[in-house]
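Asker: One line per chain: the protein sequences are E and S, in this order.
Under the working numbering, the residues of the first sequence are numbered 7 to 207, in order.
Under the working numbering, the residues of the second sequence are numbered 7 to 207, in order.
Each residue gets a CB set at the ideal place from its N, CA and C atoms; glycine is no exception.
There are 2 protein chains.
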Amino acid sequence: MARMAVAERRAALVQAALRIIASQGVAAATTRAITAEAGMALASFHYAFRSRDELIAELIAYVVENESLAAQRPLEPGLDLESTIRIGLLGYLDLVAADPARELAMFELTQYALRTDELGEAARAQYASYHAAAEAVVKAAADLTGRTWSRPAGEIARIVVTLTDGLTLDWLVHRDDEATRPVVDFAARALAALADPPQEP
Amino acid sequence: MARMAVAERRAALVQAALRIIASQGVAAATTRAITAEAGMALASFHYAFRSRDELIAELIAYVVENESLAAQRPLEPGLDLESTIRIGLLGYLDLVAADPARELAMFELTQYALRTDELGEAARAQYASYHAAAEAVVKAAADLTGRTWSRPAGEIARIVVTLTDGLTLDWLVHRDDEATRPVVDFAARALAALADPPQEP
DNA sequence: GTCTATAAGGAGATAGAC
DNA sequence: GTCTATCTCCTTATAGAC
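This is the structure we're talking about:
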């Protein structure tokens, strides 16, 4: 392979690893598989990274900054808060359904990080990123519907992430939109109940 | 090691594997580690099991039948429904906190099963067991407080499992009782709202 | 039946030719 | 800088002695 700046090579390896992890899981992302996917020689790996765990750490950092719920669609206007949340959650689950292996991989990454001493901070950073993304969405949902939250947005966001984690696992295990639907309805109603009573004009 | 019936040997290997997985994760449960933990020769493994995946399948079946929420403490009497649920959830999180590595391992097992073609059914069985355990608890909570659920108990149970999965991940990532507490309060309030209005005597 | 010994292959990491 | 070739270790699985 032609000359590449080390930074560029690192980025290419992270992307290759991400493709493997998203489709086959963390365990399948061996240095051999990653370099093959990137079209590089095996030795190039250790020219760019000191170890496999160093790549995983950088990969989680990349995911944290560029992925998470970034693909979230814009909220639909003209609905009440509960419907806005419900449709938002269903849209999120559509993303899960569109690439289940990838969503499974996000859980695996968190858990790999939690098992690896030096990566515990990476797991927390991953969730800090989820919380920030969720906070933006819950603020937007309140603005869009002219409602206010009865609790700090950060607390609402944490609840949203807890619910989406649970919903994601439920869907990944059963792959059954119908069966997950009542849980989505519950989540939307319960979240909407955290808003202050609507203003009388 | 002395003679053992094959069934007994299989059970001993499953127990050994469970100890390793609970403390060090699924990836650490190699046939070598398992047989060493069980005090057997390596070759004994393939005398009892055809492959490592066969053991994992039996291990999940064991977990499904004997563990899950079985360690749940009895509910406290004399409280209203929301408090009963809140204290039940906090008790569950105490179990998570008492052995975080084990709880992490339960997630890993599900995800390993979801990644392995022949084990997809095992993951669903694991959740069916969770749902059954949760259903028993939600029925007990309603009975204890003299309330009735506005939805089928199976649906309430599924919501409970979704919430506990999310709560467990939240706690495992942050290990912060204080930070998880508002999410527990939310879950208890939202679940209690699924009961019919209390009877006027 | 149970063990030691070993096969056969995959892993991370590196030396050294170019 | 980049690659081939290799080192060392660890994996699952099995053959064959006892």
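Please decide whether V144 (chain E) counts as near chain S, where near means a Cβ-Cβ distance under 9 Å.
Answerer: no
Asker: Quick check: is the beta carbon of A185 (chain S) nearer than 9 Å to any beta carbon in chain E?
Answerer: yes
Asker: Which residues, in chain order, does the segment 75-97 of chain E contribute to contact with chain S at a C-beta distance below 8 Å?
Answerer: none
Asker: Can you tell me the Cα-Cα spacing of E43 (chain S) and V102 (chain E), whole angstroms?
Answerer: Take the alpha-carbon of E43 (chain S) and the one of V102 (chain E): they are about 39 Å apart.
Asker: Which complete alpha helix (DSSP H) runs does the segment 14-63 of chain E hold, if anything under 4 residues is left out?
Answerer: 37-44 and 48-54
Asker: Would you say L173 (chain S) faces chain E, with C-beta separation under 9 Å as the test?
Answerer: Yes, L173 (chain S) lies at the interface with chain E (some Cβ there is under 9 Å from its Cβ).
Asker: May I have the straight-line CA-CA distance separating E141 (chain E) from F51 (chain S), to the nearest angstrom?
Answerer: 50 Å
Asker: What residues in its chain sit with their C-beta under 8 Å from that of A41 (chain S), if we drop five residues either side in the sequence?
Answerer: Checking the displayed sequence, the identity of residue 41 (chain S) turns out to be Thr instead of Ala. Cβ within range, chain order: L19, A22, A47, L48, S50 and F51.
Asker: Residues of chain S with CB under 7 Å from E114 (chain E), in chain order?
Answerer: Q117
Asker: For R108 (chain S), decide whether its Cβ has a neighbour in chain E, counting only Cβ atoms nearer than 9 Å.
Answerer: By this cut-off, R108 (chain S) is not an interface position.
Asker: Could you tell me the boundaries of the alpha helix (DSSP H) in which D176 (chain S) lies?
Answerer: It spans A159 to H180 - the alpha helix (DSSP H) in which D176 (chain S) sits, taken as one unbroken run.
Asker: Are D86 (chain E) and T154 (chain E) touching if we call contact CB-CB under 9 Å?
Answerer: no
Asker: Start and end of the alpha helix (DSSP H) containing E88 (chain S)?
Answerer: L87 to A104
Asker: If we call anything under 9 Å between Cβ atoms a contact, is Q117 (chain E) one with F113 (chain S)?
Answerer: Yes, Cβ-Cβ distance for Q117 (chain E) and F113 (chain S) is below 9 Å.
Asker: Taking only beta-carbon positions, decide if G31 (chain S) is within less than 9 Å of chain E.
Answerer: For G31 (chain S), at least one C-beta of chain E is nearer than 9 Å to its own C-beta.
Asker: What does the alpha-carbon distance come out to for the pair T90 (chain S) and R38 (chain S)?
Answerer: Roughly 46 Å between the two C-alpha positions.
Asker: Nearest to G45 (chain E) by CA position, among E:M10, E:V32 and E:Y68, is which residue?
Answerer: For the set E:M10, E:V32 and E:Y68, the Cα lying nearest the Cα of G45 (chain E) is the one of E:M10.
Asker: If you run the structure through DSSP and keep just helix, strand and coil, what is A215 (chain S)?
Answerer: Because chain S spans 7 through 207 in this model, residue 215 (chain S) falls outside it and cannot be assessed.
Asker: Who are the Cβ neighbours of A129 (chain S) in its own chain at under 6 Å, not counting the five residues just before and after it?
Answerer: T116, A119 and L120
Asker: The alpha helix (DSSP H) with D149 (chain S) in it runs from where to where?
Answerer: G126 to T151
Asker: Please classify V12 (chain S): is it buried, with 16 or more other beta-carbons within 10 angstroms of its beta-carbon, or exposed?
Answerer: V12 (chain S) should be labelled exposed.
Asker: Look at the Cβ atom of A159 (chain S), then the Cβ atom of E88 (chain S), and state whether they are nearer than 9 Å.
Answerer: no
Asker: I'd like to know whether the C-beta atoms of P83 (chain S) and R157 (chain E) end up nearer to each other than 9 Å.
Answerer: no
Asker: To the nearest angstrom, report how far apart Y1 (chain S) and H180 (chain E) are at their CA atoms.
Answerer: The shown model of chain S, from 7 to 207, leaves out residue 1 (chain S), and the question about it has no answer.
Asker: Using a C-beta cutoff of 9 Å, does L65 (chain S) count as contacting chain E?
Answerer: no
Asker: Of all the CB atoms in chain S, is at least one closer than 9 Å to the CB of T68 (chain E)?
Answerer: The amino acid occupying residue 68 (chain E) in the given sequence is Tyr; Thr does not appear at that position. For Y68 (chain E), the closest Cβ of chain S is not nearer than 9 Å.
Asker: Between the Cα of L178 (chain E) and the Cα atoms of S:D59, S:D171 and S:L95, which residue gives the shortest distance?
Answerer: Restricting attention to S:D59, S:D171 and S:L95, the CA atom closest to the CA of L178 (chain E) is found in S:D171.
Asker: Name the residue from E:A33, E:T186 and E:A194 whose alpha carbon lies nearest to the alpha carbon of V144 (chain E).
Answerer: E:A194
Asker: With distance defined between alpha-carbon atoms, name the residue in E:H137, E:A131, E:G94 and E:E184 nearest to E161 (chain S).
Answerer: E:E184
Asker: For the segment 150-169 of chain S, enumerate the residues whose C-beta is nearer than 7 Å to any C-beta of chain E, in chain order.
Answerer: Residues E161, R164, I165, T168 and L169.
Asker: With burial defined as no fewer than 16 other Cβ atoms inside 10 Å of the residue's Cβ, what is the status of A147 (chain S): buried or exposed?
Answerer: buried
Asker: State buried or exposed for S135 (chain E), treating a residue as buried only when at least 16 other CB atoms are found within 10 Å of its CB.
Answerer: Buried, because 16 or more other Cβ atoms sit within 10 Å of the Cβ of S135 (chain E).
Asker: Taking the alpha-carbon positions, what's the D59 (chain S) to R16 (chain S) distance?
Answerer: 13 Å
Asker: Exposed or buried, which one is R56 (chain S) when buried takes at least 16 other CB atoms within 10 Å?
Answerer: exposed
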